[in-house]
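Numbering (UniProt numbering), first residue to last: 1 to 177. Even for Gly, the Cβ is constructed at its ideal location relative to N, Cα and C. Fair warning: this is a prediction, and the values are worked out from it, not measured in the lab. Notes follow the structure.
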């Protein structure tokens, strides 16, 4: 991709990756940092760089700045806050969960997220131990729902399927093959 390099994050990329992720949770999601949800953002190395089954990708522009992130780990969705049946359908260890697919606003609409997700799916296939790929997104995240619908299928839209709308999250499964 012209102007960008997508690569597996190295320790020297973590400050830039953390900045992209924190800016997203503060300025796009409006949640700010929530320790029980975002521990991997503050200290990504043990979550993504030390386990051979986990990874963090970064997109770096011509100036060397991290402009996007995308991660995969083997933790399935937790119950609670997610519905019990969802946690049972996507158990930890067998589920590749896509996380932190974030692109800085000024770098969106250039195919970075799609390319990074394709690399994460290749990583999951090469692992050999994953039977499904899961993720969740917030419908208000710019472009996210459209991207995920083009790559997979909705398995639960909390706004429609959970009493009181749950947390408003939309859960997806992406084909591994």
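Tell me which residue opens and which closes the alpha helix (DSSP H) that residue i is part of.
| i | result |
| --- | --- |
| residue 167 | First-last for residue 167: undefined, no H or E at that position. |
| residue 154 | No alpha helix (DSSP H) contains residue 154, which is instead part of the beta strand (DSSP E) from 153-157. |
| residue 127 | 112-127 |
| residue 96 | Premise fails: residue 96 lies in the beta strand (DSSP E), 95-103, not in any alpha helix (DSSP H). |
| residue 53 | From DSSP, residue 53 is part of no alpha helix (DSSP H); its letter is neither H nor E. |
Report the residue from the options whose alpha carbon sits nearest the alpha carbon of residue i.
| i | options | result |
| --- | --- | --- |
| residue 145 | 164, 171, 125 and 162 | 171 |
| residue 118 | 148, 63 and 137 | 148 |
| residue 16 | 34, 123 and 59 | 59 |
Would the beta-carbon of residue i fall within 9 Å of that of residue j?
| i | j | result |
| --- | --- | --- |
| residue 152 | residue 174 | yes |
| residue 86 | residue 155 | yes |
| residue 89 | residue 73 | no |
| residue 101 | residue 49 | no |
The beta strand (DSSP E) with residue i in it runs from where to where?
| i | result |
| --- | --- |
| residue 43 | Segment: none, residue 43 is in no beta strand (DSSP E) and carries neither H nor E. |
| residue 62 | Here residue 62 belongs to no beta strand (DSSP E), and DSSP marks it neither H nor E. |
| residue 133 | 132-137 |
Measuring straight from C-alpha to C-alpha, what distance separates residue i and residue j?
| i | j | result |
| --- | --- | --- |
| residue 41 | residue 12 | 15 Å |
| residue 14 | residue 44 | 7 Å |
| residue 24 | residue 68 | 10 Å |
| residue 128 | residue 96 | 11 Å |
| residue 141 | residue 81 | 19 Å |
| residue 29 | residue 138 | 8 Å |
Assuming residue i contacts residue j under a Cβ cut-off of 8 Å, what Cβ separation, rounded to an integer in Å, is found between them?
| i | j | result |
| --- | --- | --- |
| residue 116 | residue 70 | 4 Å |
| residue 132 | residue 94 | 7 Å |
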